[in-house]
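First comes the structure, then the notes that go with it.
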Amino acid sequence: SQELEQSPQSLIVQEGKNLTINCTSSKTLYGLYWYKQKYGEGLIFLMMLQKGGEEKSHEKITAKLDEKKQQSSLHITASQPSHAGIYLCGAETGANNLFFGTGTRLTVIP
Amino acid sequence: NAGVTQTPKFQVLKTGQSMTLQCAQDMNHNSMYWYRQDPGMGLRLIYYSASEGTTDKGEVPNGYNVSRLNKREFSLRLESAAPSQTSVYFCASSLGGWGNTIYFGEGSWLTVV
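Chains A and B, in that order, give the protein sequences. Just so we're aligned, residue 1 is where the first sequence starts under the working numbering, counting upward by one. Just so we're aligned, residue 1001 is where the second sequence starts under the working numbering, counting upward by one.
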């Protein structure tokens, strides 16, 4: 069965600092999704990666998928309090399913 | 910008009671899903409907039933609620198939006492 491990489980950073969240799969990833969740709210889609070596950016957030398609990273540059929340990676395990990691809780201290 | 709408947002049930969580999407999506989220467990798929008229079990279907009422609506029913079903429930939808983004509702907080 698919396993997705996210690290770290929680992260506290000072505003303005850069940070990286990792997502490692036990199997080859055919589609890797990143979502952000704020407490009490739903999941907001950030980015989706499919090809080995692919990299996508949106504002100050960059996601990469390694060449072997078993690891993805999410990098935030110059973090802001608005970046705080839980970041979840999800892997496609079938045409109609996403299997999720347990999440990384990010706190940004002003 | 409705997207995926689920109701109710909060509910407290007594053990043994039944209830239905409602979900509707306005994006003309083919596929709809119900997930539950528990601390330390991440999101787990309960049931999904790949298209109108079909439903399939996900990872944790026991204790739940679903109905794909039409293309827009997908409901989740707890026939006899148990404390183990205390969780946050998320409905989601997508065009279906590989590589299509799954969009989530805002969640329903259910407590079973």
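Beta carbons: idealized from backbone N, C-alpha and C, even for Gly.
Environment of residue i [buried if 16+ CB atoms lie within 10 Å]
{"i": "A:Ser10", "result": "exposed"}
{"i": "A:Glu15", "result": "exposed"}
{"i": "A:Asn97", "result": "buried"}
{"i": "B:Arg1068", "result": "buried"}
{"i": "A:Lys36", "result": "buried"}
{"i": "A:Gln6", "result": "buried"}
{"i": "B:Glu1087", "result": "A small fix is needed here, since residue 1087 of chain B is Ser in this sequence, not Glu. Flag for B:Ser1087 reads buried."}
{"i": "A:Met47", "result": "buried"}
{"i": "B:Gly1042", "result": "buried"}
{"i": "B:Gln1025", "result": "buried"}
{"i": "B:Tyr1064", "result": "buried"}
{"i": "A:Thr104", "result": "buried"}
C-beta atoms of residue i and residue j nearer than 8 angstroms
{"i": "B:Gly1099", "j": "A:Gly90", "result": "no"}
{"i": "B:Tyr1021", "j": "B:Ser1108", "result": "Note that residue 1021 of chain B is Leu in the sequence shown, not Tyr. Closer than 8 angstroms, so yes."}
{"i": "B:Gly1105", "j": "A:Gly42", "result": "yes"}
{"i": "B:Arg1036", "j": "B:Val1012", "result": "no"}
{"i": "B:Tyr1047", "j": "B:Ile1102", "result": "no"}
{"i": "A:Ser25", "j": "A:Gln70", "result": "yes"}
{"i": "A:Ile21", "j": "A:Leu65", "result": "no"}
{"i": "A:Thr102", "j": "B:Gly1040", "result": "yes"}
{"i": "B:Phe1074", "j": "B:Ser1051", "result": "no"}
Identity of the residues DSSP links to residue i by a beta bridge
{"i": "A:Met48", "result": "A:Tyr33"}
{"i": "A:Thr107", "result": "A:Ile12"}
{"i": "B:Arg1044", "result": "B:Arg1036"}
{"i": "A:Gly85", "result": "A:Leu106"}
{"i": "B:Ser1080", "result": "DSSP, once it has assigned bridges, lists no residue as partnering B:Ser1080."}
{"i": "A:Ile61", "result": "A:His58 and A:Ile76"}
{"i": "B:Leu1013", "result": "B:Val1112"}
{"i": "B:Thr1005", "result": "B:Ala1024"}
{"i": "B:Tyr1064", "result": "B:Leu1078"}
{"i": "A:Glu41", "result": "According to DSSP, which records beta bridges pairwise, A:Glu41 is partnered with nothing at all."}
{"i": "A:Ile21", "result": "A:Leu74"}
Test: residue i CB closer than 8 angstroms to a CB of chain B
{"i": "A:Gly53", "result": "no"}
{"i": "A:Leu29", "result": "no"}
{"i": "A:Gly103", "result": "yes"}
{"i": "A:Leu169", "result": "Coverage of chain A is limited to positions 1 through 110, which leaves residue 169 of chain A absent and any answer about it impossible."}
{"i": "A:Gln128", "result": "The displayed coordinates of chain A run from 1 to 110. Any statement about residue 128 of chain A would go beyond what the structure contains."}
{"i": "A:Gly42", "result": "yes"}
Reduced DSSP secondary structure (H/G/I, E/B, other) of residue i
{"i": "A:Gln9", "result": "coil"}
{"i": "A:Gln80", "result": "coil"}
{"i": "A:Gln70", "result": "coil"}
{"i": "B:Ser1049", "result": "strand"}
{"i": "B:Ser1108", "result": "strand"}
{"i": "B:Gln1022", "result": "strand"}
{"i": "B:Gln1085", "result": "helix"}
{"i": "A:Lys56", "result": "strand"}
{"i": "B:His1029", "result": "coil"}
{"i": "B:Ala1092", "result": "strand"}
{"i": "A:Gly90", "result": "strand"}
{"i": "A:Asn97", "result": "strand"}
C-beta neighbour in chain A for residue i, strict 8 angstroms
{"i": "B:Ile1046", "result": "no"}
{"i": "B:Leu1043", "result": "yes"}
{"i": "B:Phe1074", "result": "no"}
{"i": "B:Tyr1089", "result": "no"}
{"i": "B:Thr1007", "result": "no"}
{"i": "B:Glu1106", "result": "yes"}
{"i": "B:Thr1101", "result": "yes"}
{"i": "B:Gly1058", "result": "yes"}
{"i": "B:Gly1040", "result": "yes"}
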